[in-house]
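Asker: Just so you know, the sequence shown maps onto residues 22 to 271 in the numbering used here. Every residue gets a Cβ at the ideal spot worked out from N, C-alpha and C, and that includes glycine.
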Amino acid sequence: MIFPPELISFLRKAERVAALTGAGVSQESGLRTFRDSQSGLWAQYKPTDLASPEAFARDPKLVWDWYAWRREAIKSARPNPGHYALAEMESRVAEFSLITQNVDGLHRMAGSKRVHELHGSIQRVRCSVCGRYAETWGDDSDQVPACENCGEMLRPDVVWFGEPLPRSELEAAVKASCVCDVFFSVGTSGIVQPAAALPFAAKNKGAAVVEVNLEPTPLTEKADFFLQGKSGEVLPELVNAVWDSTHPSR
Ligand code: BV8
Ligand code: ZN
């Protein structure tokens, strides 16, 4: 891909960069995005119907099994070149913040250090009542595992629709978005709030906004650069073009 020269020079000069990622950045690791139709047993459900406290109250075992199925899928997933390119960018820029909506943990696995998980992590499990984290749990086939501390049902440590985001993660993400020189929005349809507002906040504070997606989104017309393509291909090429061997890292 040929990149606009002004994008290259923006990135070479950038002191602070922030990147918001969504399910699209993990698509090339073999994980379905929320927009892709779910497969098999789960095809009949919309994620928004399962990822909510109401769904868990109505049918806790169904919701627990959906997350157990996703944890299994993630076990065999590995970071793809897009994740690694973002980790490389962090090593090249003075201040880099990775803000992710994903709960799959692949950014940290790829070596990203400063990661703000806005929607929690599917790898962590906590008690739905006393909040205690569980390291291990039974996989009893007909009921949700119980908390060792209080006996109530366990749940995934993710943010469901209608639940508030972790305050410290959101505050850090808003701060990074408002002070950055360049803001990337990668592999996200830009629908879910408040994450989807971050690129607009960055733009309003004067950042150059770069969107990487297969197709346009509500952000595209506001973005300064729209790099249409797979993040696993576009991002490594961009990192090479900006910080190739002739340009010293920071
Ligand atoms: C809150 C964790 C308040 C769980 C998730 C009406 C209007 C506006 C807002 C609302 C509204 N009604 C309700 C709301 C608020 C609601 C919301 O935004 N709803 C939406 C549906 C409108 N938000 C909330 O409820 C949030 N909480 O607001 O709380 C509050 C405050 C105080 C006190 C109490 C309450 C909580 C939202 C978090 C929900 N949890 N995940 C889990 O994972 O199971 S959301 C989940 O879905 C993801 O985390 C992610 O955020 C979202 C999916 O979006 P994407 O990641 O973008 O994925 P998607 O599949 O949509 O798109 C993929 C993109 O990638 C596509 O564009 C595709 O083209 C592209 N792509 C694909 N392959 C590639 C690619 N791009 C590049 N390369 C590729 N290879
Ligand atoms: Zn408990």
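Please check the pair GLN144 and VAL213, which I expect to be a contact at CB under 8 Å, by giving their CB distance rounded to whole angstroms.
Answerer: Not really, about 20 Å apart at Cβ, beyond 8 Å.
Asker: PRO102: beta carbon under 7 Å from a heavy atom of ligand 1?
Answerer: no
Asker: Please state whether the Cβ-Cβ distance between GLU232 and PHE221 is less than 8 Å.
Answerer: Between GLU232 and PHE221, the CB-CB gap reaches or exceeds 8 Å.
Asker: Leaving out the 5 sequence neighbours to the left and right, which residues in its chain are closer than 6 Å to LEU256 when beta-carbon positions are compared?
Answerer: GLY103 and ALA106
Asker: Mind checking which residues open and close the beta strand (DSSP E) that includes ASP178?
Answerer: In the DSSP assignment, ASP178 falls within the unbroken beta strand (DSSP E) covering 175-179.
Asker: Taking only three categories from DSSP, how would you classify CYS151?
Answerer: coil
Asker: On the three-pair Cβ rule with 8 Å, is the segment 146-156 touching the segment 41-58?
Answerer: no
Asker: Give me the Cα-Cα distance between SER73 and GLY132, rounded to the nearest whole angstrom.
Answerer: Rounded to whole angstroms, SER73 and GLY132 show a C-alpha spacing of 30 Å.
Asker: Going by DSSP, what residue range makes up the beta strand (DSSP E) through SER118?
Answerer: Counting along the chain, the beta strand (DSSP E) containing SER118 begins and ends at 116-121.
Asker: Could you check which residue in GLU254, ALA76, VAL146 and GLY208 has the C-alpha nearest to that of PRO239?
Answerer: When each option's Cα is compared against that of PRO239, the closest is GLY208.
Asker: Report the start-end ranges of each beta strand (DSSP E) in the segment 159-216 that is 3 residues or longer and not cut off at the edges.
Answerer: As far as the segment 159-216 is concerned, its whole beta strand (DSSP E) runs of at least 3 residues are 175-179 and 203-207.
Asker: Given 8 Å as the limit, is there contact between the segment 179-196 and the segment 28-35, that is, 3 or more CB pairs closer than that?
Answerer: no
Asker: Taking 6 Å as the limit between beta carbons, can you name the residues of its chain near PRO166, skipping five residues before and five after?
Answerer: TRP158, GLY159 and LEU175
Asker: Looking at LEU71: is its Cβ nearer than 8 Å to the Cβ of ALA216?
Answerer: no
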